[in-house]
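Only one structure is covered here, and it is reproduced in the block below.
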Amino acid sequence: MLKKVILLGCALFAVSLPSLAVEGKKPVKEPKIESRPLNQEEEATIKAWVSRALKDPDSAKFIFRDRVVSINGESEYIYCGLVNAKNSYGGYSGWMVFKSFIAKNKYERLIASTNIGQLPEMGEFGQIGKGQAPEKVIFDMCVEKGYFKGDYINADLIGKKVE
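Numbered by mature numbering (1 follows the signal peptide of the UniProt record, and there is no 0), the letters in the sequence shown go through residues -21 to -1, 1 to 142 in order.
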């Protein structure tokens, strides 16, 4: 009889463990993200800097969304967008994520130091630009900074929408 009581107690404890784990989790607090549309100077600067890093700058097509200007009240200088351009074979490779660090230099001129995502499986000639990081790495960083939530083009990067 004592064995049955002990077994029943162990079974009840094992069944209750998942509910204890759920109760112990703290809710993840969503960051407060402030964004606004790019102004003309920002868009022109980003286009110029991204185009410089492309193999065929004249073929560049861009998708711009709002710029994240602060996260939890702290200024944000990273801008993420999408670019499509021709690769070394002369064909369009598809939309690639780029990130630009936007700031004013000591002459008060806007600059946008840029990195374009790379798809290693496409080889050097299949790339559209001179990036140094895999596209997935840049995409994940951009998502962390508040970009590409709800709608984006390269769904194959993560396989689902980012909510």
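All residues carry an ideal CB built from backbone N, CA and C; glycine is no exception.
- Taking every protein chain shown into account, the CB of S54 has fewer than 16 other CB atoms within 10 angstroms, so this residue is exposed.
- Beta bridge pairing from DSSP links A82 with I90.
- The region 86 to 93 and the region 23 to 33 touch, with no fewer than 3 CB-CB distances between them shorter than 8 Å.
- With 16 or more neighbouring CB atoms inside 10 Å of its own CB, I95 falls in the buried class.
- Straight across, the Cα-Cα distance linking S49 with E13 is about 5 Å.
- Taking the Cα of K128 as reference, the smallest distance to any Cα among E20, R44 and P6 is reached at R44.
- DSSP links S14 through a beta bridge to V47.
- Taken through DSSP and simplified to helix, strand or coil, I117 comes out as helix.
- For I25, the enclosing alpha helix (DSSP H) stretches over residues Q19 to R31.
- One Cα belongs to S30, the other to P16, and the distance between them is close to 20 Å.
- DSSP, read as helix, strand or coil, puts G96 in coil.
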